[in-house]
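Residue numbers (the working numbering): -8 to 288.
I have placed the structure first, in the form of structure tokens, so that the comments after it can refer back to it.
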């Protein structure tokens, strides 16, 4: 088998692609090179033709599609699993167990720069009585698909209602926290600060020590993130995970097609669950496999 495989993009999806890549390497002798700088940065490389596969924790944006088109990159989008944006605080912060979407807007929405304590979020419509304690935010930066997903799922609706679409899109989340690119660094920072707040993907949160997962109330009561609530869609901050494959590169590399075939096989796709994320149901997985079969003819 000939050809190298370079995968870039989401740090959330990176563990899945890495695990599948290692299994593929054991069977076929080719181990993909996998990195996780973030979904946005990954698409920049992918659309410039520098990568074979882009891992993504959100769907590709219109401007990224345009960049791919300008770069002559044709691709197929493949949904490979499900994730929960898991909101965290330190395990020492027993005062916060559940937050509403209004609370999240007050804490980290585009108007929240003046919110220095948890309790200050009430000035922006927070509906939960929050502690009179310093708010320390440790969360993904703007290059991250997890940042974009949090905006889309938790903040966007209220931001557009209050500010209008253009102004809301311009600002998105409060700009005064230092975004972190590494999920493990986010988790460690949250664990080490007793009044912390942040969010990461489900698998990172489940394995973390020293943190507490905060339930989310999207209007139907407080729901904790779990494989069950993500799979049935009741957890409000659930999202799909993707890989994007440069289909033009299939002609250049025997290894690339073989790798994606393996990725979507029963042995490969089982790693989604093994790594700690949520598997697609049989109908959704069949859609993904059909999309790949059509694209790789």
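We put the CB at the ideal spot given by N, CA and C, even for glycine.
Neighbour-count burial assignment, residue 20, 16 or more Cβ in a 10 Å radius: exposed
Contact under 7 Å by Cβ, residue 228 with residue 164: no
Limits of the unbroken beta strand (DSSP E) element including residue 204: 202 to 204
Whole runs of the beta strand (DSSP E) within the segment 86 to 173, excluding any shorter than 3 residues: 89 to 91
Status (buried if at least 16 other CB within 10 Å, exposed otherwise) for residue 198: exposed
Residues near residue 36 by beta carbon distance below 7 Å, same chain, minus five either side: -1 and 42, listed in sequence order.
Segment contact flag, the segment 240 to 257 with the segment 82 to 98, C-beta cutoff 8 Å, min 3 pairs: no
Inter-residue Cα distance where the pair is residue 243 and residue -3: 13 Å
Enclosing alpha helix (DSSP H) for residue 14 [first to last residue]: 5 to 19
Best match in 125, 103, 104 and 51 for proximity to residue 187 [C-alpha to C-alpha]: 125
Distance between residue 271 and residue 49 (C-alpha atoms, nearest Å): 15 Å
Beta-carbon proximity check, residue 100 vs residue 232, cutoff 7 Å: no
Residue 140 to residue 3 span [Cα, whole Å]: Near 12 Å, if we compare the C-alpha coordinates of residue 3 and residue 140.
C-alpha distance - residue 117 paired with residue 108, whole-angstrom precision: Linking residue 117 to residue 108 through their CA atoms gives a straight-line distance of about 12 Å.
For residue 72, the residue or residues it bridges with in DSSP: 232
Rounded C-alpha distance that separates residue 33 from residue 132: Their Cα atoms are separated by approximately 14 Å.
Sheet register partners of residue 289 (DSSP bridge): Here the chain has residues from -8 to 288 only, and residue 289 is not among them.
Residue 260 in three-state terms, based on DSSP: helix
Spatial distance of residue 217 from residue 173 (CA atoms): Residue 217 and residue 173 have their C-alpha atoms some 22 Å from each other.
Beta-carbon proximity of residue 255 to residue 280, cut-off 7 Å: Yes, Cβ-Cβ distance for residue 255 and residue 280 is below 7 Å.
Cβ-based burial, residue 240 [other Cβ within 10 Å; buried from 16]: With 16 or more neighbouring CB atoms inside 10 Å of its own CB, residue 240 falls in the buried class.
Minimum C-alpha distance to residue 220 - residue among 79, 183 and 268: 268
Exposure label - residue 80; buried when at least 16 CB within 10 Å: buried
Whether residue 341 touches residue 77 by CB criterion (7 Å): Residue 341 is absent from the structure shown; the chain starts at -8 and stops at 288.
Identity of the residue in 190, 83 and 106 nearest residue 142 by Cα: Ranked by Cα distance from residue 142, the options 190, 83 and 106 are led by 190.
Closest by C-alpha distance to residue 266, when choosing among 5, 211 and -5: 5
Spatial distance of residue 129 from residue 171 (CA atoms): Roughly 7 Å between the two C-alpha positions.
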